[in-house]
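Here the working numbering is used: the first residue of the sequence shown is 2, the next is one more, and so on. Quick reminder that beta carbons are idealized off the backbone N, C-alpha and C, glycines included.
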Amino acid sequence: MDQAKGAPIWATKKGKYNPENTQKFDLKHTKLEVVFDWQKQQLIGTATLTLAPHFYPQTELVLDAKGMELTAVQLIGKDILRLQYEYDGRKLAIKLPKTFHRDDELMVQVQYVAKPNEIKIKGSNAIEADKGLYFVNPYEKEPFKPRQIWTQGETEANSCWFPTIDAPNVKTTQEMFITVENDLLTLSNGKLVASVKNVNGTRTDHWKQDKPHAPYLFMMAVGKYSVVRDQWRNVNVDYYVEKEYAQYAKAIFGRTPEMMEYFSKILDYPFPWDKYSQVVVRDFVSGAMENTSASVFMEQVQVDNRYLLDDNWDNIIAHELLHHWFGDLVTCESWANLPLNESFANYGEYLWQAHKYGRAEADYLWRDELQNYLAESETKQEPLIRYRYQDKEEMFDSHSYSKGCLIMHMLRNYVGDEAFFASLQQYLKKYAYKKAEIHDLRLMFEEVTGEDLNWFFDQWFMSAGHPQLAVRDSVSNQELILTVAQQQDTTYTPLYRLPLYVDIWVKGKKQRHHIDITEREQTFRFPVAATPELVLFDGETQLLGTVEHPKSPARLIYQLQHSDRLLAKLAAAEALQIRLEQDPAVKGALFAALADDQWQIRQVAADAFADYTGEDLATIADKLKNLALNDEKSLVRASAINALAGKVPPSFFVKTMNDSSYTVLANSMYAYANAGGDEPAQLFEKYENSNNLLVVKALAEFYAYAQVPNKIDWYVDKMSRKSGYELSYLFNNFGAYLLEQPEKVRKQGINYLAEIARGNPNHNTRVSAYAALQLFEGIDDLKLSIREAEKDERVLQYYRLMKE
Ligand SMILES: [Zn+2]
């Protein structure tokens, strides 16, 4: 079909239909025996699979086995029988010696060499590569990097290191025999049941998980780790970190047992696995991964106590943990149903925030989720559950994560807390160690509530887009007249049913009204004794969508001062900012907001005064100084410092540089330099040893901006310690620094970047270095090194993706 005129791209771009994997066989047990060849970056393995036909008789077994060299394929029985097979580098089709029926069990053994670096790769947003098995610093040539091996299975990459039926609707028990040098630790799913020293100086660890899970959740990690022990009920909880971070491991991960207790209770289902380990690895391809009983985290979660004053990693920790129910225990049957994993995991973050830190903190996170989704919706609008896509990696987007989280929250608001958790509890019990699709979830909610919920699931899970509402209100004859118009284009987006609350304040008293929006345009009338001070549409602040509701400054001020919902107050404070200079009442309200009980409001108010130039600047500056020095929340102190730049002498920021928070320190450095403080380069030198990203960034930007001489060694040192997005910032600042440096220095720096772009073992690092080199495109003598980097197919592929 041709693209309709004016149709958005997402409305016409359709991928192929992606069904659930057809279950010809049930995979019952997987036994793996593996050793590693660090020099060749290969795994030598034996996989022994126990299977039975699912229903229909079978004469052929097809396994996923990507990029392997096969040495033997045999049937294990009374005798060992060599089997005939065909192998195309991705699928292994094994001819069975007879017809197997569903009561027959068979044991097939594959001996193989996995060669992860020889597999063609393809990226996605969440998981940037899919070669399954990763060797970090295999030749021990990178000075600040430990030698490690780790795996990443989701979506279908574990079949790069063992032959399996690589689909999320498969569930198998597992045991793994991992042989390593004796000074290395191993981690895998389930329990460590034995550890045996071999005569050649190696050791074989035997890990066993007798509860079935999906092949994409299999994992291994190998490296030198400090293991910090913790416990929840009688379950071992371990944190695997690099030695220097052992002292901070409990500060970072230590709320895990409390989370396990909380989730076990609200789900009425105790944490179902043998143990819970969390391991940090270098150069990870994503933020974290919920491998059953052994989650992997990116190295950026290794932080010190000072970092934790500003922020923590609770969200990502809660996310991976909640997956141990939604994802690992009950698994989406196909990638089309990925929201059954990810929407719950993101909602787990909300639930934990609300439980541990209060509703306001959770709502603040909710706002991020809405912003993530709305930002993505500008280029992409898809049904949450989508069977049509080009590539399964497309499913790992802000729809599956953020929009799904918001939908879970609306579902909870609609059915009520008791019904919401009762439905989840029964869903988990019914589908434990099995798979599910979205209809299973709907049916469970319908069973519990006794109510048809097709309308809810259809509009939110099965359709694209979101409501775009225009709300108007007026008063006539002691009646408040509220009109709501749904303005979204209903060619591609449904006309929504939206049950929600309208809060009306009259004479200082709030009254809540329930409304059910079902029409394109609808009018609601409420009796009022006087003109309301405020009409707050969506009083629970839970609607996924956009709402345009014009309000006078007086009403916004009332909203800022009287609403009990953080998000309503925040929205008011933000809307008022533009009137700060011309409206004294607005200025008074934002000034008062600098002392609000909620730190997010104090922060927005401080931000509002950043460009303020009024006559009473001295009064404002005094109040901001007080915040900068004394506010209990470091992020408020940091915002106050930003707002003070240019309002107070630079010496003030020398004082705030002594703050315990890195954010405050970094902001003070920017403010001091921008305010023209004396000798900033000299003053900042004492921070050169810090490896905190904010401080390193402040220095890197300052050195580039001020062209401070002789900093190339400092940049190189920091670049060799960082990876991922942190390294990419540094490369860019380093490039900017080199632009104005003397010819000799510039050449030296460019050669450094070019060498990384050509030869670094990590493809993301190569891409970032290559991107930084683009700054020098016009310089002739560099063309050669750039052209050499361009020969690298992976660099090119990723660079193209980045440009898109
Ligand atoms: Zn997740």
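Look at the beta carbons and you see the segment 496 to 514 touching the segment 528 to 538: at least three pairs across the two are nearer than 8 Å. If you ignore the 5 residues before and after Thr173, its C-beta comes within less than 7 Å of the C-beta of Leu28, Lys29, His30, Thr31, Pro213, Pro216, all in its own chain and listed in chain order.
With fewer than 16 other CB atoms across the displayed protein chains lying within 10 angstroms of its CB, Ala593 is exposed. The continuous beta strand (DSSP E) containing Val228 extends over residues 227 to 233. Ala346 has its alpha-carbon roughly 46 Å from the corresponding atom of Gln749.
For the 7 Å CB-CB criterion, Phe527 and His514 form a contact. Following the DSSP letters along the chain, one finds Met221 inside the beta strand (DSSP E) bounded by residues 221 to 224.
Taking 6 Å as the cut-off, one finds at least one heavy atom of ligand 1 near enough to the beta carbon of Ala346. For Glu702, the Cβ stays outside the 6 Å cut-off from all heavy atoms of ligand 1. Relative to ligand 1, the beta carbon of Glu343 is positioned inside 6 Å of a heavy atom. Per DSSP, Met299 lies in no alpha helix (DSSP H); the unbroken beta strand (DSSP E) holding it starts and ends at 295 to 299.
Beyond the five residues adjoining it in sequence on each side, Asp597 comes within less than 6 Å, by CB distance, of Arg603 in the same chain, given in chain order. For Glu549, the enclosing beta strand (DSSP E) has its first and last residue at 547 to 549.
Distances from the alpha-carbon of Met299 to those of Gly288, Thr293, Leu309 put Gly288 closest.
The straight-line gap separating the alpha-carbon atoms of Lys92 and Val282 is approximately 30 Å. In the DSSP assignment, Glu34 is bridged to Thr47, Phe178. The straight-line gap separating the alpha-carbon atoms of Gly359 and Arg387 is approximately 34 Å. Leaving aside the five residues that flank Ala573 on each side, the residues in its chain whose CB is nearer than 6 Å to its CB run, in chain order, Leu557, Gln560, Leu561. Burial is judged here by how many other beta carbons sit within 10 angstroms of a residue's own beta carbon; Phe653 has at least 16 and is buried. Here Asp418 carries a helix assignment [DSSP, helix/strand/coil]. For the pair Asn734 and Glu702, the CB atoms are nearer than the 7 Å cut-off.
Short of 8 Å from the beta carbon of Asn199, and not among the five residues preceding or following it, lie these beta carbons of its own chain, in chain order: Thr180, Thr205. Of the candidates Gly451, Thr524, Met720, Thr524 places its Cα closest to the Cα of Glu480.
Residues Arg234, Ser265 of the same chain have their beta carbon placed closer than 8 Å to that of Pro271, with the five preceding and five following residues left out of the count. Asn237 is bridged by DSSP to Gln232. By the neighbour-count definition (other C-beta atoms within 10 Å, threshold 16), Ala195 is an exposed residue. About 19 Å separates the beta carbons of Trp151 and Met69, which is beyond the 8 Å limit, so they are not a contact pair. Bounds of the beta strand (DSSP E) holding Pro528 are 522 to 528. Beta-bridge annotation (DSSP): Ile713 is not paired with any residue.
The Cβ atoms of Ala252 and Ser227 lie no closer than 7 Å to each other.
Here Phe178 is buried. Its C-beta has 16 or more other C-beta atoms within 10 Å. In this structure, Glu343 sits away from Tyr432, with a CB-CB distance that is not shorter than 7 Å. Straight across, the Cα-Cα distance linking Ala641 with Tyr308 is about 19 Å. Linking Ala355 to His563 through their CA atoms gives a straight-line distance of about 21 Å. Scanning Glu419, Ala576, Leu636, Asp632 for the CA closest to the CA of Ala609 turns up Ala576. Between the C-alpha atoms of Lys99 and Thr165 there is a straight-line separation of about 21 Å.
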